[in-house]
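Visitor: I'd like to ask some things about the structure below.
Protein chains in written order, with my numbering: chain R, 1 to 358; chain D, 1001 to 1358.
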């Protein structure tokens, strides 16, 4: 992006929309993409003119560094439509800031915030019809950047491709979720990339998660790699525990993602006087609380599911079921968050971001 | 690959060779690729018919899982040409076994060993002219597999692409190498993917390595993430220390790559009665040995460089230079390895593998 030049985005519209072929009642998460995508290449030491073009495949050299060295990061965001057909984002600047923090850790050049937001708004306006009204319906937004320089020497790429692709989503329901506390495998090291949305953090979880699934658990709650004594996060979501009426969650660190849903839950808990403690949470205290009947709830917090209630957990071969809750924190926070996201409640924190029609 | 069918590889030869355009005297590592590449797709739960075709770009959906979740692994191998124009591989089955161990950890289906080797030999025969005679000249071979299924749900891909690409290499000389011992950043967690050649392990090292380079160090010797007290590996090579006349190197673990050059050095050390200890090596003992003048050498061992002598190291802001060695272990082992690789010495261990002309 040449300094001093006004912000310009090249737009090539799709000749026809694919939207009529999509069954919006039966969407599988992340499988269908909208008519357009945003793309911007980093070459000669700077981001070039961003473009929006019809969604379609990309061509890369087989030696492109993303294939060999995992130099790639991403974000997850959502757009929501209110009853007046206005489109809203939720805390988009927090995602863009984290996108750039992830980039720095992966030696990827940061992407200019204003171009990100301007491009995203242009894209959302083009694909506005793909965002459906109604609690639970949303457009899942996937910004990412990949290292495209050809060549297999293990060094940072000189070229990158920034992209945003979008996928319509229904209310995320993944069935009943039970988790297992990690005793052997780990997600992240101290001084590693666990806090970043680095591509490699996710592929590394698939094998242990497959093993967990064979035991009847849908996800793993990762523990610290050094001792496995502290509960950290679940890889695609941060984790909250309700012990008595107190809400507990681990502090962010270089191993734990600074989840935007997580920090929104903490802010809402403070607003609604739910006692919340952000501190290291031990496996021992949660197991003991479960045994005493004091562990009332566990839930995950993340962009895809917003709040994902957890029905039980496993640890050292034992299984613990959580009781049904009449007034669960999980559903309370989910409702409060969605009311803000869908413009149905006051937005005290200034989290909603209106996508202006152009 | 249908069971029971005889092994068949579809071969499409390049209409013309690019070889005349290549300056073999001034090769940059991993920048130029030969005329052909091997490719095999995993679809419908099995590896399909492998093919060899002209080297060229590949097309993927922007939602392909490799871009988002780093589900990708690779290997590094070399082919050597002897004075009779015979082409040799070095311990190829060890690479293929490790390729499949990496695949398992990344939830990628294993690739059949015999197809890997048969395809590689066919490819090497087609691109035989790209392998030049002479100590130091070789063909660097990069097998890799990437997750190609479109869709951004964080789960293992159903489709994969296996590829082998090849790049002619000269004697690897990267200038004088000094390393810094990691005090803050880490490469791998206990129970993580450090032992695998997972793509994400490499991109994660670029940022800390850039910081090290600003301080005048070319590489980082990673320490254990829990305490930073033990020296582990250097990310693209395993590390050996010579204290007095004793050779020390860390044992392999779930954080440390089972390097083929590493284990070949250990075997040669035993053969030639060089005292070698495979045990955890502390930062403290190496710093103390350096201060007492007992640290005679450090070197890295890996496929790209074979043996890479290290001139000095940094730790806690102090710099330590290593003395010049008349009869260095590094050059001894490098010569011994190359004599075997180039068919110039007896191959007691059965490490050489002849690529039969077809």
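All C-beta atoms, glycine included, are put in the ideal place defined by N, C-alpha and C.
All figures in this text were calculated on a predicted structure; none of them were measured in a lab.
Where does residue 92 of chain R fall in DSSP's three states?
Guide: helix
Visitor: Which residues in the same chain as residue 1004 of chain D place their Cβ atom closer than 6 angstroms to its Cβ, once the five residues preceding and following it in sequence are excluded?
Guide: With a pLDDT of 46 at residue 1004 of chain D, under the threshold of 50, the predicted position of this residue should be treated as unreliable, and no value is reported.
Visitor: For residue 1318 of chain D, I'd like the list of residues in its chain whose CB is within less than 6 angstroms of its CB, leaving aside the five on either flank, ordered along the chain.
Guide: none
Visitor: Hey, is residue 68 of chain R's beta-carbon within less than 8 angstroms of any beta-carbon in chain D?
Guide: yes
Visitor: Let me see if you follow: with CB-CB separation under 8 angstroms, is residue 432 of chain R close to chain D or not?
Guide: No answer is possible for residue 432 of chain R: the residues shown for chain R start at 1 and end at 358.
Visitor: Within 10 angstroms of the Cβ of residue 356 of chain R, are there 16 or more other Cβ atoms? Answer buried if so, exposed if not.
Guide: exposed
Visitor: Examine chain R for any beta-carbon lying closer than 8 angstroms to the beta-carbon of residue 1351 of chain D, and answer yes or no.
Guide: Among the CB atoms of chain R, none fall inside 8 angstroms of the CB of residue 1351 of chain D.
Visitor: Return the residues of the region 196 to 213 of chain R that lie within a Cβ-Cβ distance of less than 9 angstroms from chain D, sorted by chain order.
Guide: 196, 198, 199, 200, 201, 202, 203, 204, 205, 206, 207, 208, 209 and 210
Visitor: Against residue 31 of chain R, what residues of chain D qualify as contacts under a CB-to-CB distance less than 7 angstroms, listed in chain order?
Guide: Per Cβ cutoff of 7 angstroms: 1151.
Visitor: If you follow the alpha helix (DSSP H) that residue 338 of chain R is part of, which residue opens it and which one closes it?
Guide: 329 to 341
Visitor: Across which residues does DSSP place residue 1379 of chain D in a beta bridge pair?
Guide: Here chain D has residues from 1001 to 1358 only, and residue 1379 of chain D is not among them.
Visitor: Would you mind giving the Cβ-Cβ distance between residue 179 of chain R and residue 221 of chain R, rounded to the nearest angstrom? I have them listed as a contact below 8 angstroms.
Guide: 5 angstroms
Visitor: So which residues of chain D does residue 146 of chain R contact, with C-beta pairs closer than 7 angstroms?
Guide: 1067
Visitor: Quick check for students: name the residue ranges of the beta strand (DSSP E) that lie wholly in the region 131 to 193 of chain R, counting only runs of 3 or more.
Guide: For the region 131 to 193 of chain R, whole beta strand (DSSP E) runs of length 3 or above, ordered along the chain, are 138 to 147, 160 to 169 and 178 to 181.
Visitor: Tell me, please, whether the CB atom of residue 328 of chain R is closer than 8 angstroms to any CB atom in chain D?
Guide: no
Visitor: Just by C-beta distance, which residues in the region 217 to 249 of chain R are closer than 7 angstroms to chain D?
Guide: 225, 226 and 236
Visitor: Distance cutoff 8 angstroms, beta carbons only. Does residue 1280 of chain D sit that close to anything in chain R?
Guide: It does not; no Cβ of chain R falls within 8 angstroms.
Visitor: Please report the distance separating the alpha-carbon of residue 1079 of chain D from that of residue 267 of chain R.
Guide: 59 angstroms
Visitor: Under 7 angstroms from any heavy atom of the ligand NAD, does the C-beta of residue 1253 of chain D make it?
Guide: Within the structure as shown, the ligand NAD is missing, as the structure has no ligands at all.
Visitor: When the cut-off is 8 angstroms and only beta carbons count, does residue 1256 of chain D lie next to chain R?
Guide: no
Visitor: By the three-class DSSP mapping on this structure, what secondary structure does residue 1311 of chain D have?
Guide: Residue 1311 of chain D: coil per DSSP, three-state reduction.
Visitor: Could you check whether the Cβ of residue 1071 of chain D sits closer than 8 angstroms to any Cβ belonging to chain R?
Guide: yes
Visitor: For residue 284 of chain R, count neighbouring C-beta atoms within 10 Å of its own C-beta (all shown protein chains included) and say buried if the count is 16 or more, exposed if not.
Guide: With fewer than 16 other Cβ atoms within 10 Å, it is exposed.
Visitor: Quick one: give me the first and last residue of the beta strand (DSSP E) that residue 1203 of chain D is part of.
Guide: Run containing residue 1203 of chain D: none in the beta strand (DSSP E); it sits in the alpha helix (DSSP H), 1199 to 1214.
Visitor: Taking the alpha-carbon positions, what's the residue 1232 of chain D to residue 224 of chain R distance?
Guide: 20 angstroms
Visitor: What residue does the beta strand (DSSP E) around residue 274 of chain R start on, and which one ends it?
Guide: No beta strand (DSSP E) contains residue 274 of chain R, which DSSP labels as neither H nor E.
Visitor: Could you give the DSSP three-state label for residue 52 of chain R: helix, strand or coil?
Guide: strand
Visitor: Using a Cβ-Cβ distance under 8 angstroms, would residue 1013 of chain D count as near chain R?
Guide: no
Visitor: Would you identify the three-state DSSP class for residue 79 of chain R, choosing helix, strand or coil?
Guide: strand
Visitor: Given a cut-off of 8 angstroms, decide if residue 185 of chain R and residue 1106 of chain D are closer than it, judged by their beta-carbon atoms.
Guide: no
Visitor: I want to verify the contact list: residues of chain D whose CB lies under 8 angstroms from the CB of residue 104 of chain R, in sequence order.
Guide: 1207
Visitor: Using a cut-off of 7 angstroms between C-beta atoms, extract the partners of residue 77 of chain R located in chain D.
Guide: By Cβ distance, chain D contributes nothing, its closest Cβ being about 12 angstroms from residue 77 of chain R, past 7 angstroms.
Visitor: Got a sec, what are the start and stop residues for the alpha helix (DSSP H) residue 1243 of chain D sits in?
Guide: Careful: residue 1243 of chain D lies outside any alpha helix (DSSP H), inside the beta strand (DSSP E) at 1238 to 1243.
Visitor: Let me know if residue 304 of chain R comes out buried or exposed under the rule of 16 or more other beta-carbons within 10 Å of its beta-carbon.
Guide: buried
Visitor: Helix, strand or coil: which one does DSSP assign to residue 397 of chain R?
Guide: It is not possible to answer for residue 397 of chain R, since the shown part of chain R is limited to 1 through 358.
Visitor: Starting from the Cα of residue 168 of chain R, find the closest Cα among R/314, R/203 and R/131 and give me that residue.
Guide: R/131
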